[in-house]
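Chemist:
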Amino acid sequence: MREPVGHRVFRERRHARSARRHQHHFAAVPRHQRRRARLVQLAPIDAGEQRRHAGHAHPVVRARRPGLGKAPFPFSERAHHEPGGHALEQARSGPQLVLERRAVPRDAVHAGRDGAREVHQHTRTHTESTCVTPQQRHLLRFIDPQHRIHGASLSARELTCASMPHIVLVAPHFLENTNRYISAFAALDGVTLSVVSEDAANRLPDALRKRVAGHYQVRSVSDAAQLAGAIKVISRAVGNVDRLTGALEQLQLPMAEARALANVPGMKPHLARRFRDKDVMKDVLRARGVPVAASALVSSVAELRAFIDKVRLPVIVKPQAGVGSRGTHRIESAAALQAMIDAGMVPTHEHPLQAEQFIRAREFTCETVSIHGKAVWRSGTRYFPSPLEVLETPWVQYCVLLPKEVEAPWTDFAEVNDAALKTLWGPETDVAGTALTHMEWFLRDDGQMFVSEVGARPPGVQIMPLMSLAHEVDFIAKWAELISFDRWTDPGPRKWATGAAFLRGQGTRPHVTSVRGVEAAKARAGAALVELKVPSVGQQRASGYEGEGLALVRAPTTEGAKQALLAVIENLQIRY
495 MREPVGHRVF
505 RERRHARSAR
515 RHQHHFAAVP
525 RHQRRRARLV
535 QLAPIDAGEQ
545 RRHAGHAHPV
555 VRARRPGLGK
565 APFPFSERAH
575 HEPGGHALEQ
585 ARSGPQLVLE
595 RRAVPRDAVH
605 AGRDGAREVH
615 QHTRTHTEST
625 CVTPQQRHLL
635 RFIDPQHRIH
645 GASLSARELT
655 CASMPHIVLV
665 APHFLENTNR
675 YISAFAALDG
685 VTLSVVSEDA
695 ANRLPDALRK
705 RVAGHYQVRS
715 VSDAAQLAGA
725 IKVISRAVGN
735 VDRLTGALEQ
745 LQLPMAEARA
755 LANVPGMKPH
765 LARRFRDKDV
775 MKDVLRARGV
785 PVAASALVSS
795 VAELRAFIDK
805 VRLPVIVKPQ
815 AGVGSRGTHR
825 IESAAALQAM
835 IDAGMVPTHE
845 HPLQAEQFIR
855 AREFTCETVS
865 IHGKAVWRSG
875 TRYFPSPLEV
885 LETPWVQYCV
895 LLPKEVEAPW
905 TDFAEVNDAA
915 LKTLWGPETD
925 VAGTALTHME
935 WFLRDDGQMF
945 VSEVGARPPG
955 VQIMPLMSLA
965 HEVDFIAKWA
975 ELISFDRWTD
985 PGPRKWATGA
995 AFLRGQGTRP
1005 HVTSVRGVEA
1015 AKARAGAALV
1025 ELKVPSVGQQ
1035 RASGYEGEGL
1045 ALVRAPTTEG
1055 AKQALLAVIE
1065 NLQIRY
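See the structure below:
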């Protein structure tokens, strides 16, 4: 005897005990409502309570998970059994599977042809939005364009190998640039995407939200325990998590700690600290003979003075885990050191500072794609001037140039880059070694090269869009493919030289008071100007070197890109 639990979903009594362990609430939707089904956010619900969906009220019923199919429409769940009661949003679309009468055997993946035949006989497909249990997710690859299931002739090994990777992307807030990364993962064929964010799901654009399988809201994405809790809930609702990733530097260590807590493949804390903790990074590189500046982690003023006595002035002092040169100071005299101390930047045991020997040199970057610890592709840019010089000189405009040619000094640096990455990856060349890294390095006039810093994440300062423009390829999409499948296809040679100018002004007021020369800048840059963002009067003054405005340029030659950048920064004037 079968007990009805929802529209065309049944629970057999012999599985009742298991069903109670995996019960799940959803609103049952009649057949005629399926085509109009849409993602709605449900408040906490109890059995028998009425919920409104697609303009009609339907009874709330229970369904077993994961053995039986769920309601045939996207749903939203609030996971109150987790600490903090954060919300989980889940939805699916496209051709998927739903069980009609019988459950997929729990050991179907390992049941060989018989298990696969059981799936084939007792499942069907929908072209509209449906929900799939974690056990069924691995079968989605075998639905052809006519929506026929081809599981009966597949071995257990083939079924296992064909699983769709489930990616969890950490996106602090659903801003325009962040949504580009979400869209890149969501657009990948064969990927299930879930998102962890501090924003609610309704902050996502509707078109993008429909392509996200799961959403979990946390109070802070910097809290590893909250991330791990989100992963565990998403794993139960959507399926086992194969990758936890995020593009921001500040997320790398919390994500690594969350992977360890939730047993997710990828970079773990001890490896993440090599990239995030600048002192650990320099010690590891120095021990293997990779050229780096002399450095020390100081926890008192006395230790800082001792380091200065050892390497002599000037020195650089910065936070232990800083981002984008923020909080960085160049100390060239005893008076400058005392001024920094008087300003409150004092090293302590709780908040030590990174002290480094200052190197007078030109500054470059090296972007590297690694798969399982092996470098498979490189690119590089030049800073004009260095970020530190920009911070020290408020009126200087900061530019990044990606030349059209792949030549020295970037080609000469490849050997140092390879040695540095192999040292940092160490023996862990599995999932953890698949990444797009961003390395900053110095070239002195005598030809000596030094590694400055390395980030195991996509580069900032507009380098991703610059590479996209230069190759006419979406590099955010390529990074998403790399992380999801450990796969990289060569984008081919650069077709353009590209550059970015970060626009900031002069003055002492806390906001923008005037913007002049916009039309002149456009005229001088001409067709090379791809994008221009100009601040509005009254806009708050930015604290970093990125400023309030941005210009992106591209030209057939490197010199042409340089001239376009000069045309913008020489003509456009911002006042505070």
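Everything in the sequence shown is counted per the numbering used here, starting at 495 for the first residue and increasing by one. Ideal Cβ positions, reconstructed from N, Cα and C, are used throughout, including at glycine.
How long is the line joining the alpha carbons of V689 and R737, rounded to whole angstroms?
Modeler: In the sequence shown, the residue the question calls residue 689 occupies position 195. In the sequence shown, the residue the question calls residue 737 occupies position 243. Cα-Cα distance, rounded: 12 Å.
Chemist: What would DSSP say about M834, mapped onto helix, strand or coil?
Modeler: Residue mapping note: residue 834 aligns to position 340 of the sequence shown, counting from 1. In the structure shown, M834 sits in a helix (DSSP, three-state: H, G or I).
Chemist: Mapping the DSSP letters down to three states, classify I853 as helix, strand or coil.
Modeler: The count along the sequence shown starts at 1 and reaches residue 853 at position 359. The answer is coil: DSSP assigns I853 none of H, G, I, E or B.
Chemist: Judging by CA-CA distance, which residue of I1068, V945, F944 and A837 is the nearest neighbour of V890?
Modeler: As a position in the sequence shown, residue 890 is number 396, starting the count at 1. Nearest option by C-alpha distance: I1068.
Chemist: On the criterion of 16 or more Cβ atoms from any shown chain inside 10 Å, does D968 qualify as buried, or is it exposed?
Modeler: Translated into positions along the sequence shown, residue 968 becomes position 474. Flag for D968 reads buried.
Chemist: Measuring alpha carbon to alpha carbon, tell me which of P841, G821 and I810 ends up nearest S827.
Modeler: The residue labelled residue 827 in the question sits at position 333 within the sequence shown. For the residues P841, G821 and I810, the minimum Cα distance to S827 belongs to I810.
Chemist: Out of K772, E670, Y892 and F907, which has the shortest C-alpha to C-alpha gap to A849?
Modeler: For the purposes of this step, residue 849 is taken as residue 355 along the sequence shown, with counting starting at 1. If we check each option's Cα against that of A849, K772 comes out closest.
Chemist: Taking the alpha carbon of P985 as the reference point, which residue from S978, W973 and A995 has its own alpha carbon closest?
Modeler: Locating residue 985 in the sequence shown gives position 491, counting from the first residue. Per the Cα distances, W973.
Chemist: L669 and F679 - do their beta-carbons sit closer together than 8 Å?
Modeler: Within the sequence shown, residue 679 is the residue found at index 185, counting from 1. Within the sequence shown, residue 669 is the residue found at index 175, counting from 1. No, the pair does not count as a contact, with Cβ atoms beyond the cut-off.
Chemist: Exposed or buried, which one is T1002 when buried takes at least 16 other CB atoms within 10 Å?
Modeler: Taking the first residue of the sequence shown as position 1, residue 1002 is located at position 508. T1002 is exposed by the Cβ-count criterion.
Chemist: Between C893 and E934, what straight-line distance do the alpha-carbon atoms span, to the nearest angstrom?
Modeler: Your numbering for residue 893 matches position 399 in the sequence shown. Your numbering for residue 934 matches position 440 in the sequence shown. Spanning the two alpha carbons is a distance of roughly 15 Å.
Chemist: Pull up the CB-CB distance for M775 and V948, whole angstroms please, since I reckon it's below 8 Å.
Modeler: Residue 775 sits at position 281 when you count from the first residue of the sequence shown. Residue 948 sits at position 454 when you count from the first residue of the sequence shown. The Cβ separation is near 6 Å, so the contact holds.
Chemist: Can you name the residues that DSSP bridges to I810?
Modeler: For the purposes of this step, residue 810 is taken as the residue at position 316 of the sequence shown. In DSSP, I810 forms a bridge with R824 and E850.
Chemist: So F679 is in the alpha helix (DSSP H); what residue range does that whole segment cover?
Modeler: As a first step, residue 679 is located in the sequence shown; it is residue number 185 there, counting from the start. Looking at the DSSP string, the run of the alpha helix (DSSP H) that includes F679 is E670 to A680.
Chemist: Where A1058 and A701 are concerned, what is the direct C-alpha to C-alpha distance, given to the nearest angstrom?
Modeler: Mapped onto the sequence shown, residue 1058 falls at position 564. Mapped onto the sequence shown, residue 701 falls at position 207. Near 36 Å, if we compare the C-alpha coordinates of A701 and A1058.
Chemist: Excluding the 5 residues preceding and the 5 following I725 in the sequence, name in chain order all residues of the same chain whose CB lies nearer than 7 Å to its CB.
Modeler: On the sequence shown, position 231 is the one that residue 725 refers to. These residues qualify, in order along the chain: V662, V735, L738, A752, A756 and V758.
Chemist: From what residue to what residue does the beta strand (DSSP E) around G874 run?
Modeler: Mapped onto the sequence shown, residue 874 falls at position 380. From DSSP, the beta strand (DSSP E) with G874 extends over K868 to F878.
Chemist: Taking the C-alpha atoms as reference points, what is the distance between P841 and V795?
Modeler: The count along the sequence shown starts at 1 and reaches residue 841 at position 347. The count along the sequence shown starts at 1 and reaches residue 795 at position 301. In a straight line, the C-alpha of P841 is about 6 Å away from that of V795.
Chemist: Would you mind reading off the limits of the alpha helix (DSSP H) that contains A747?
Modeler: Stepping through the sequence shown from its first residue, residue 747 is reached at position 253. The sequence given here places Leu at residue 747; Ala does not occur at that position. Counting along the chain, the alpha helix (DSSP H) containing L747 begins and ends at Q746 to A756.
Chemist: First and last residue of the beta strand (DSSP E) that includes A1049?
Modeler: Taking the sequence shown and counting its residues from 1, one reaches residue 1049 at position 555. Looking at the DSSP string, the run of the beta strand (DSSP E) that includes A1049 is G1043 to A1049.
Chemist: Quick one, are the C-beta atoms of M761 and A926 less than 8 Å apart?
Modeler: Locating residue 761 in the sequence shown gives position 267, where the first residue counts as 1. Locating residue 926 in the sequence shown gives position 432, where the first residue counts as 1. Yes; because the gap between Cβ atoms is below 8 Å, this pair is in contact.
Chemist: In whole angstroms, what is the alpha-carbon distance linking A1036 and E1042?
Modeler: One-based indexing of the sequence shown puts residue 1036 at position 542. One-based indexing of the sequence shown puts residue 1042 at position 548. Going by the C-alpha atoms only, they are around 6 Å apart.
Chemist: For the alpha helix (DSSP H) that V664 lies in, which residues bound it at each end?
Modeler: Position 170 of the sequence shown holds residue 664. Element bounds for V664: not the alpha helix (DSSP H) but the beta strand (DSSP E), H660 to V664.
Chemist: From what residue to what residue does the beta strand (DSSP E) around K1027 run?
Modeler: Counting from one through the sequence shown, the residue named residue 1027 turns up at place 533. Start and end: L1023 to K1027.
Chemist: Do you know how far the Cα of M958 is from the Cα of Q720?
Modeler: One-based indexing of the sequence shown puts residue 720 at position 226. One-based indexing of the sequence shown puts residue 958 at position 464. So the alpha carbons of these two residues sit roughly 29 Å apart.
Chemist: Buried or exposed: which applies to G874, given that a residue is buried once 16 or more other Cβ atoms fall within 10 Å of its Cβ?
Modeler: For the purposes of this step, residue 874 is taken as residue 380 along the sequence shown, with counting starting at 1. Looking at its Cβ environment, which holds 16 or more other Cβ atoms inside 10 Å, G874 is buried.
Chemist: Identify every residue that forms a DSSP beta bridge with L990.
Modeler: Here residue 990 corresponds to residue number 496 of the sequence shown, with the count starting at 1. It should be pointed out that residue 990 corresponds to Trp in this sequence rather than to Leu. Note: W990 sits in no beta bridge, so no partner.
Chemist: Among the candidates S864, R674, G723 and A855, whose CA atom is the shortest distance from the CA of F878?
Modeler: The count along the sequence shown starts at 1 and reaches residue 878 at position 384. Nearest option by C-alpha distance: A855.
Chemist: Can you tell me where the beta strand (DSSP E) holding A737 begins and where it ends?
Modeler: By one-based count along the sequence shown, residue 737 stands at place 243. Going by the sequence as given, residue 737 is Arg instead of Ala. R737 -> beta strand (DSSP E) spans R737 to T739.
Chemist: Since R1048 contacts W982 with CB under 8 Å, what's their CB separation in whole angstroms?
Modeler: Taking the sequence shown and counting its residues from 1, the one referred to as residue 1048 is at position 554. Taking the sequence shown and counting its residues from 1, the one referred to as residue 982 is at position 488. Going by Cβ atoms, the distance from R1048 to W982 rounds to 23 Å, so no, they are not a contact pair.
Chemist: By a C-beta neighbour count over all protein chains shown, 10 Å radius and 16 as the cutoff for buried, is G1020 buried or exposed?
Modeler: In the sequence shown, the residue the question calls residue 1020 occupies position 526. So G1020 ends up on the exposed side.
Chemist: Per DSSP, what kind of secondary structure is L1066 in: helix, strand or coil?
Modeler: Stepping through the sequence shown from its first residue, residue 1066 is reached at position 572. Looking at L1066 - three-state DSSP - the assignment turns out to be coil, as it is neither helix nor strand.
Chemist: Indicate, with yes or no, if the ligand SAM has a heavy atom lying under 7 Å from the CB of E1025.
Modeler: The ligand SAM is absent from the structure shown, which contains no ligand whatsoever.
Chemist: Going straight from the alpha carbon of A994 to that of A837, what length do you get?
Modeler: Within the sequence shown, the letter at position 500 stands for residue 994. Within the sequence shown, the letter at position 343 stands for residue 837. Each residue's alpha carbon lies about 33 Å from the other.
Chemist: Buried or exposed: which applies to R988, given that a residue is buried once 16 or more other Cβ atoms fall within 10 Å of its Cβ?
Modeler: Numbered from 1 along the sequence shown, position 494 holds the residue referred to as residue 988. With 16 or more other Cβ atoms within 10 Å, it is buried.
Chemist: Suppose you measure from the CA of L1066 to the CA of S1030; what does that come to, to the nearest Å?
Modeler: Residue numbering aside, residue 1066 sits at position 572 when the sequence shown is read from its first letter. Residue numbering aside, residue 1030 sits at position 536 when the sequence shown is read from its first letter. Approximately 13 Å between the Cα atoms of the pair.
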